[in-house]
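Enquirer:
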Amino acid sequence: MRTLLRKPFAFLIAAAVVAGFAVSSCSDDDSGDGNNADVMAKKAILADSINIADDLLSSTEEGVQDGQYTNGSKDILQDAIDAAQGVHDNTAATATQVANATVSLHQAMDAYRGKVILPVAAEALVGHWSFDEGTGTTAGDESGHNFAGTFKTGPASWGAGFPEWAEDRYGIAKKAIHFNEGANIEVPYNTALNPKKLTIALWLNADEINAGNRFIGLHSWHGYKFQLQEANRPFMTVATAEKAIDKDSEQNLPINEWHHVAATFGDGNMIFYVDGVKIREWNDTPGDAVSIASQPYNLVFGQDFPTDKYAADDSNYDNDHVIPLDWGGYFRGYLDEIRIYNTALSGPQIESIYNREKP
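Sequence positions in the sequence shown follow mature numbering (1 follows the signal peptide of the UniProt record, and there is no 0) and run -27 to -1, 1 to 332.
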């Protein structure tokens, strides 16, 4: 059992700690004497900080629901508490070591608080296609906005593929959709599907590696698109008023395996997640996603542009910005549980989606 000094104003003292003596030291602080007055005073403050951390740990729980903390986060905070306790109990600790231990513990508490799963506002989810129908040629939208998608045939030169109901990541038949040869699903354009900030999250299983493995497109690079690039890397493009921003995750995904992939865009950042883990953050992506309402095209799953809207060639591209078929791309593999949000979700929120849905 810990022997700690509890004080009635622990939170006020802890705030003073961080503000006042982050790396304080003086000539006699570092003598190694763990019993001098300055060391003992700082140990008292460290003890209060340990109490606060203990209370935080005991009053919270891990899980996948709103208000809970992401799995594994309690162990990290416990390690920080144990390290701080070790400094507190060390009779040879200097005042500087004690002060730094206090600061480190508060940093660990701040990091832990950042792992809480905050509720996603109901209005933030603009579309959710679960592909659970298992039959027919319509993919319903479970967001409540009724943005249902219709199965479409791909371009003839790509093989005229058509979406097929398929086995999902749980091994359940007809609960996912297989795409190939331009097979696609079109969702009628709506400005809600064209937000300024954006999160796209989904499960995918690629059949093969291909540079143009595009699985979501809203006027492709003139709006936004999500794909697997060379070496099977998640790759996202978002058009802003200044330029089209292209970024990848720098992580290769194996083929013939289900993975949860997500990307967020907003507030100058583009962040990629695979299986609930942040794998790459770009901080050089300023601006908002542009609206294509003046030249609207349907949202497409399975390729980057509607089949019947591709141009035959690029002769008029500079004028109308209609993408030629030769510049397009389609997905080869399985998709499931596509979600689009009008905000950049946090890491814990994306991790929560993954943990709720993983096999």
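A virtual CB, placed ideally from N, CA and C, is assigned to each residue, including glycine.
1. Taking just the CA atoms, how far does Y85 sit from Y163?
2. Specify the secondary structure class of K220 as computed by DSSP and reduced to three states.
3. Am I right that A146 and E140 are in contact with their C-beta atoms under 8 Å? What's the rounded C-beta distance?
4. State whether the region 180 to 192 contacts the region 263 to 277, with contact taken as three or more CB pairs (one from each stretch) at a distance under 8 Å.
5. Under 9 Å between the Cβ atoms of F238 and Q224?
6. At the level of alpha carbons, what is the spacing between N315 and D286?
7. Can you say whether A156 is buried or exposed, counting buried as having 16 or more other CB atoms within 10 angstroms of its CB?
8. The beta strand (DSSP E) that contains E137, what's its start and end?
9. Anyone know if the C-beta pair for A317 and K220 falls short of 9 Å?
10. Measure the alpha-carbon distance for V(-10) versus K216 and round it to whole angstroms.
11. May I have a chain-ordered list of the beta strand (DSSP E) segments no shorter than 3 residues that lie completely inside the region 223 to 269?
12. Just mark R312 as buried or exposed, buried being the case when its beta carbon has 16 or more other beta carbons within 10 Å.
13. Mind reading off the beta-carbon distance from N178 to G260? Whole number of angstroms is fine, and I expect it under 8 Å.
14. Taking buried to mean at least 16 other C-beta atoms within 10 Å of its own C-beta, is V250 buried or exposed?
15. Are there 16 or more other CB atoms within 10 angstroms of the CB of M243, so buried, or fewer, so exposed?
16. Under the rule that 16 or more other beta-carbon atoms within 10 Å means buried, what is R329, buried or exposed?
17. For H118, which residues from the same chain have a beta carbon less than 7 Å from its beta carbon, with the 5 sequence-adjacent residues on both sides left out?
18. Provide the residue span of the alpha helix (DSSP H) that contains L29, from first to last.
19. Tell me the DSSP secondary structure of W176 in three-state form.
20. Got a sec, what are the start and stop residues for the beta strand (DSSP E) Q202 sits in?
21. Check whether chain C comes within 9 Å of I323, counting only Cβ atoms and requiring the distance to be less than that.
22. Counting only the same chain and skipping the five closest in sequence on each side, list residues whose C-beta sits under 6 Å from that of T43.
23. Taking buried to mean at least 16 other C-beta atoms within 10 Å of its own C-beta, is Q38 buried or exposed?
24. Cα separation between G301 and P128?
25. On the DSSP letters alone, give me the boundaries of the beta strand (DSSP E) that D309 sits inside.
26. Using only the alpha-carbon positions, how far apart do K16 and H61 sit?
27. Starting from the C-beta of S103, find all residues in its chain whose C-beta is less than 7 Å away, skip the five residues before and the five after it, and write them out in chain order.
28. Exposed or buried, residue 405, counting other C-beta atoms within 10 Å across all chains shown (16 or more means buried)?
29. Excluding the 5 residues preceding and the 5 following F199 in the sequence, name in chain order all residues of the same chain whose CB lies nearer than 7 Å to its CB.
Expert: Per the coordinate set shown:
1. The sequence as given places Asn at residue 163; Tyr does not occur at that position. Each residue's CA atom was taken as its position, placing N163 and Y85 some 38 Å apart.
2. The answer is strand: DSSP assigns K220 an E or B state.
3. Correct: roughly 5 Å between the Cβ atoms.
4. Contact between the region 180 to 192 and the region 263 to 277 is present: three or more C-beta pairs spanning the two stretches fall below 8 Å.
5. Annotated as distal: F238 and Q224, with beta-carbon spacing of 9 Å or more.
6. Rounded to the nearest angstrom, the two C-alpha atoms are 34 Å apart.
7. With 16 or more other Cβ atoms within 10 Å, it is buried.
8. Unbroken beta strand (DSSP E) run through E137: 137 to 139.
9. Result no, Cβ atoms of A317 and K220 do not sit closer than 9 Å.
10. Only weak support is given to the placement of V(-10): the predicted model assigns it a pLDDT of 48, under 50, and the value that follows is read from those uncertain coordinates. Our two residues, V(-10) and K216, have alpha carbons roughly 42 Å apart in a direct line.
11. Here the runs fully enclosed are 232 to 239, 241 to 247, 250 to 258.
12. If you draw a 10 Å sphere on the C-beta of R312, you find 16 or more other C-beta atoms in it, and that means buried.
13. Here N178 is actually not in contact with G260; their C-beta atoms are around 33 Å apart, not less than 8 Å.
14. V250 should be labelled exposed.
15. Residue burial is scored here from C-beta neighbours: M243 has at least 16 other C-beta atoms within 10 angstroms and is therefore classed as buried.
16. With fewer than 16 Cβ atoms within 10 Å of its Cβ, R329 is classed as exposed.
17. Excluding positions up to five away in sequence, the list reads V99, G100, A165.
18. If you look at L29, you'll find it in the alpha helix (DSSP H) that goes 10 to 31.
19. W176 sits in a strand when the DSSP states are folded into three classes.
20. It spans 197 to 202 - the beta strand (DSSP E) in which Q202 sits, taken as one unbroken run.
21. Absent here is chain C; the protein component of the structure consists of one chain.
22. So the list reads K88, P321, E324, once near-sequence residues are dropped.
23. By the neighbour-count rule (16 or more Cβ atoms within 10 Å), Q38 is not buried but exposed.
24. Between the alpha carbons of G301 and P128 lies a distance of about 10 Å.
25. Start and end: 306 to 314.
26. Their Cα atoms are separated by approximately 6 Å.
27. Result list for S103: E115, E310, in chain order.
28. Outside the modelled stretch of the chain, which goes from -27 to 332, sits residue 405, for which no answer is possible.
29. So the qualifying residues of the chain are I173, F188, I189, M209, A236.
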